[in-house]
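**Student:**
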Amino acid sequence: MTATVSGLTIATARGAVLDTVDLDLHRGEVTAIVGESGAGKTTLAHALLGHVAHGLRRTAGRIEVTGHDPFTGEGRAALRGRTTGYLPQDPASALDPRRMVLAQLRTAARIAHPGEARRDRDDRVRAAAEAAALDTALLRRHPARLSGGQAQRALLAWTFVTRPRLVILDEPTGGLDPDAARRVSDAFTRLPWEPAVLLVSHDRALVDRAAHRVLELAAGRLRHAPAPASTVPDPSRHRRPNGPVGAGERALSAEGLTIRRGGVPLLRDASLHLAAGEMVAVRGVSGSGKTSLARALCGLAPPDAGRLRMDGAPVHWDGAVRARTGGPFLAYVGQDARAALNPHEIVRRTLARASAAAHRRGIPPGPGPEPLLDGLGLAADVLDRTPDRLSGGQRHRVVLARALAAVPSAVVCDETLASLDHTTVRLVLDVLDAWRRATGSAVLLITHQDEVAARADRVLTLSGGRLE
Numbered sequence: 000m001t002a003t004v005s006g007l008t009i010a011t012a013r014g015a016v017l018d019t020v021d022l023d024l025h026r027g028e029v030t031a032i033v034g035e036s037g038a039g040k041t042t043l044a045h046a047l048l049g050h051v052a053h054g055l056r057r058t059a060g061r062i063e064v065t066g067h068d069p070f071t072g073e074g075r076a077a078l079r080g081r082t083t084g085y086l087p088q089d090p091a092s093a094l095d096p097r098r099m100v101l102a103q104l105r106t107a108a109r110i111a112h113p114g115e116a117r118r119d120r121d122d123r124v125r126a127a128a129e130a131a132a133l134d135t136a137l138l139r140r141h142p143a144r145l146s147g148g149q150a151q152r153a154l155l156a157w158t159f160v161t162r163p164r165l166v167i168l169d170e171p172t173g174g175l176d177p178d179a180a181r182r183v184s185d186a187f188t189r190l191p192w193e194p195a196v197l198l199v200s201h202d203r204a205l206v207d208r209a210a211h212r213v214l215e216l217a218a219g220r221l222r223h224a225p226a227p228a229s230t231v232p233d234p235s236r237h238r239r240p241n242g243p244v245g246a247g248e249r250a251l252s253a254e255g256l257t258i259r260r261g262g263v264p265l266l267r268d269a270s271l272h273l274a275a276g277e278m279v280a281v282r283g284v285s286g287s288g289k290t291s292l293a294r295a296l297c298g299l300a301p302p303d304a305g306r307l308r309m310d311g312a313p314v315h316w317d318g319a320v321r322a323r324t325g326g327p328f329l330a331y332v333g334q335d336a337r338a339a340l341n342p343h344e345i346v347r348r349t350l351a352r353a354s355a356a357a358h359r360r361g362i363p364p365g366p367g368p369e370p371l372l373d374g375l376g377l378a379a380d381v382l383d384r385t386p387d388r389l390s391g392g393q394r395h396r397v398v399l400a401r402a403l404a405a406v407p408s409a410v411v412c413d414e415t416l417a418s419l420d421h422t423t424v425r426l427v428l429d430v431l432d433a434w435r436r437a438t439g440s441a442v443l444l445i446t447h448q449d450e451v452a453a454r455a456d457r458v459l460t461l462s463g464g465r466l467e
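For the sequence shown, position 397 matches number 396 in numbering that gives the first Met the number 0, and the numbering has no gaps at all.
Here is the structure:
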């Protein structure tokens with residue numbers, strides 16, 4: 000037995016998040032945990048590392064990982080970086096922005112195996128990159144030069160490089176294109192040292208393909224998971240019968256768009272047009288430039304060339320200039336929700352600042368914080384929590400709520416829904432659909448998910464620097 004959880008109860012002041020949970024993890028076996036966002040899946044994963052988030056407390060139960068208690072100082076010292084490997088939901092926050100990926104992998108390998116020869120260590124690094132489906136050319140990049148999917152695979156390689164006996168993967172394929180997701184799942188089911196793997200995921204196709212056991216966490220209890228209820232619609236055959244709200248009126252138009260990263264062209268003379276109230280999905284393999292496109296449109300990373308117009312008027316590419324001159328605001332809702340939120344600020348204050356920004360632009364306020372959160376499936380008590388007291392899925396929805404509270408001219412969602420369960424994905428898409436129809440604002444969805452793309456009026460593919 001690699002790890003054992005016995006009678007584990009972790010609670011808040013309002014009640015149990017995990018209620019007398021029992022779990023055994025065996026060498027060479029992949030155990031998947033599924034459940035709705037906020038059900039406590041990440042809380043269970045953290046407990047195996049000996050960590051309980053702020054606002055939670057362990058009230059009963061014990062955990063052993065290879066005979067060590069991770070909640071003791073001695074146990075943590077024996078396990079961290081050697082026996083346990085953990086892939087978190089927000090990979091960009093976990094990588095050191097100052098160091099190349101290769102240097103970070105070498106450091107992890109050296110700490111885990113201090114007496115290993117340099118050549119053997121480099122072989123270990125290459126094997127870890129291959130297992131994570133990470134192109135070795137990306138090893139010499141800093142995290143800022145990686146796409147979201149590439150950063151995910153870089154951190155997965157970092158998890159594998161120490162060859163831990165227990166591997167904990169929290170949404171390992173979030174933000175990955177289907178081919179990369181399959182390569183990653185094939186890798187962690189065939190790791191040569193045969194660790195026990197705990198897989199936390201909303202991707203039921205991944206779970207069914209990779210897991211030996213599938214357990215569902217609901218109401219704090221673990222049980223055998225039921226079979227998936229339905230299939231996902233095919234976006235290539237989906238067309239919304241009503242079309243965009245303001246068909247014919249161009250809310251957003253980008254032309255001659257060229258973006259280079261490290262001398263490599265990601266977009267070449269590309270064009271993108273969104274009608275008022277239109278919802279458009281953009282797909283493409285990891286690293287094709289989707290996030291670069293999103294950040295350029297939102298004024299976060301100006302392109303090398305191109306023209307941008309909103310409602311027919313020219314718009315500066317620099318978001319700071321837009322803010323100073325009263326230009327239109329395009330909200331960016333990115334992949335790394337943890338990094339997007341102030342860790343010291345409660346959600347209520349975050350939403351209030353967004354509403355105040357809309358007021359300064361002379362825009363009538365949107366819905367208040369309670370109805371805004373309620374529409375996204377979040378309880379009102381979330382308003383008085385800081386980000387560290389939220390689950391990964393809750394943080395993503397708070398970032399989206401902040402964007403909508405600012406009443407933007409358009410909202411760009413960059414794999415925002417990749418770490419949410421299917422029920423919550425449908426709920427959030429309903430909110431976006433109602434919002435764009437009520438306001439006439441455009442929505443751009445960057446996604447690898449069929450169920451997300453199927454809700455769009457149009458689906459574009461970014462490939463070879465072109466949007467088609």
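C-beta: ideal position from N, C-alpha, C; glycine also.
Helix, strand or coil: which one does DSSP assign to Arg388?
**Tutor:** helix
**Student:** With distance defined between alpha-carbon atoms, name the residue in Asp21, Gly34, Thr1, Ser5 nearest to Gly27.
**Tutor:** Thr1
**Student:** Please determine if the region 276-288 and the region 443-459 are in contact, where contact requires at least 3 C-beta pairs separated by less than 8 Å.
**Tutor:** yes
**Student:** Can you tell me the Cα-Cα spacing of Gly84 and Asp178, whole angstroms?
**Tutor:** Cα to Cα, the separation comes out at about 24 Å.
**Student:** Let's see if you can read the secondary structure: which residues bound the beta strand (DSSP E) around Leu86?
**Tutor:** 83-86
**Student:** Quick one: what's Ala31 bridged to in DSSP?
**Tutor:** Leu198, Val213
**Student:** By Cβ distance below 6 Å, which residues in the same chain neighbour Pro386 in space, the five residues on each side in sequence not counted?
**Tutor:** The residues are Leu340, Pro342, Arg394.
**Student:** Using a threshold of 8 Å, state whether the C-beta atoms of Ser146 and Gly261 are closer than that.
**Tutor:** no
**Student:** Using 8 Å as the threshold, is the region 409-417 in touch with the region 359-372, meaning 3 or more CB pairs across them?
**Tutor:** no
**Student:** Can you give the beta carbon distance from Ala477 to Leu133, rounded, assuming they're within the 8 Å contact cut?
**Tutor:** What the structure shows of the chain is the stretch from 0 to 467, and residue 477 is not part of that stretch, so it cannot be assessed.
**Student:** Please classify Pro264: does DSSP put it in a helix, a strand, or coil?
**Tutor:** DSSP places Pro264 in the strand class (E or B) of the three-state scheme.
**Student:** Give, in chain order, every unbroken run of the alpha helix (DSSP H) that is at least 4 residues long and sits entirely within the region 276-306.
**Tutor:** You should have 289-296.
**Student:** Ile110 lies in the alpha helix (DSSP H); which residues open and close that run?
**Tutor:** 100-111
**Student:** So Arg220 is in the beta strand (DSSP E); what residue range does that whole segment cover?
**Tutor:** 220-223
**Student:** Should Ile167 go down as buried or exposed, given a rule of 16 or more other Cβ atoms within 10 Å for buried?
**Tutor:** buried
**Student:** Buried or exposed for Glu414, going by 16 or more other Cβ atoms inside 10 Å?
**Tutor:** By the 10 Å Cβ count, Glu414 comes out buried.
**Student:** Is the region 361-380 in contact with the region 418-429, if contact means three or more CB pairs nearer than 8 Å?
**Tutor:** yes
**Student:** Among the residues of its own chain, which have a CB less than 8 Å from the CB of Arg259, if the five just before and after it don't count?
**Tutor:** Leu265, Asp303
**Student:** If we call anything under 8 Å between Cβ atoms a contact, is Gly391 one with Thr158?
**Tutor:** no
**Student:** Label Ser200 either buried or exposed according to how many other C-beta atoms from any shown protein chain fall within 10 Å of its C-beta, with 16 as the threshold for buried.
**Tutor:** By the 10 Å Cβ count, Ser200 comes out buried.
**Student:** Taking only the alpha-carbon atoms, compute the straight-line gap between Val33 and Val196 and give it to the nearest angstrom.
**Tutor:** 14 Å
**Student:** Taking the alpha-carbon positions, what's the Ala111 to Pro370 distance?
**Tutor:** 49 Å
**Student:** Secondary structure at Val166, three-state DSSP: helix, strand or coil?
**Tutor:** Per DSSP, reduced to three states, the secondary structure at Val166 is strand.
**Student:** For Ala455 and Leu443, what's the separation of their Cα atoms in angstroms?
**Tutor:** 9 Å
**Student:** Would you check if there are 3 or more beta carbon pairs closer than 8 Å linking the region 51-64 to the region 303-312?
**Tutor:** no
**Student:** When DSSP labels each residue in this structure, what does Leu426 get in the three-state scheme?
**Tutor:** helix
**Student:** Below 8 Å CB to CB, which residues in the same chain sit around Asp121 once its five sequence neighbours on both sides are set aside?
**Tutor:** Once the five neighbours on either side are set aside, the close Cβ partners of Asp121 are Arg105.
**Student:** For the alpha helix (DSSP H) holding Thr446, just list the boundary residues, first then last.
**Tutor:** No alpha helix (DSSP H) holds Thr446; DSSP gives it neither H nor E.
**Student:** Helix, strand or coil for Pro96 per DSSP?
**Tutor:** coil
**Student:** Please report how far the alpha carbon of His140 lies from the alpha carbon of Pro364, in whole angstroms.
**Tutor:** One detail in the question is off: residue 140 reads as Arg in this sequence, not His. Here the alpha carbon of Arg140 sits roughly 43 Å from the alpha carbon of Pro364.
**Student:** Does the beta-carbon of Thr230 have 16 or more other beta-carbons within 10 angstroms, so that it is buried, or is it exposed?
**Tutor:** Low local confidence applies: a pLDDT of 46 at Thr230 is under 50, so the model's placement there is unreliable, with the coordinate-based value given in what follows. Within 10 angstroms of the beta-carbon of Thr230 lie fewer than 16 other beta-carbons, which makes it exposed.
**Student:** Beta-carbon within less than 7 Å of Thr188's beta-carbon, same chain only, minus the 5 sequence neighbours each way: which residues are those?
**Tutor:** Taken in chain order, the residues that qualify are Val29, Ala209.
**Student:** With H, G and I counted as helix, E and B as strand and the rest as coil, what does DSSP make of Gly6?
**Tutor:** Three-state DSSP puts Gly6 in a strand.
**Student:** Do the CB positions of Val183 and Ala131 come within less than 8 Å of each other?
**Tutor:** yes
**Student:** Using only the alpha-carbon positions, how far apart do Ala126 and Val160 sit?
**Tutor:** 8 Å
**Student:** Look up Ser235 in the DSSP assignment and say whether it is helix, strand or coil.
**Tutor:** The predicted position of Ser235 is uncertain, since its pLDDT is 49 and thus under 50; a value taken from the coordinates is nonetheless stated next. In the structure shown, Ser235 sits in a helix (DSSP, three-state: H, G or I).
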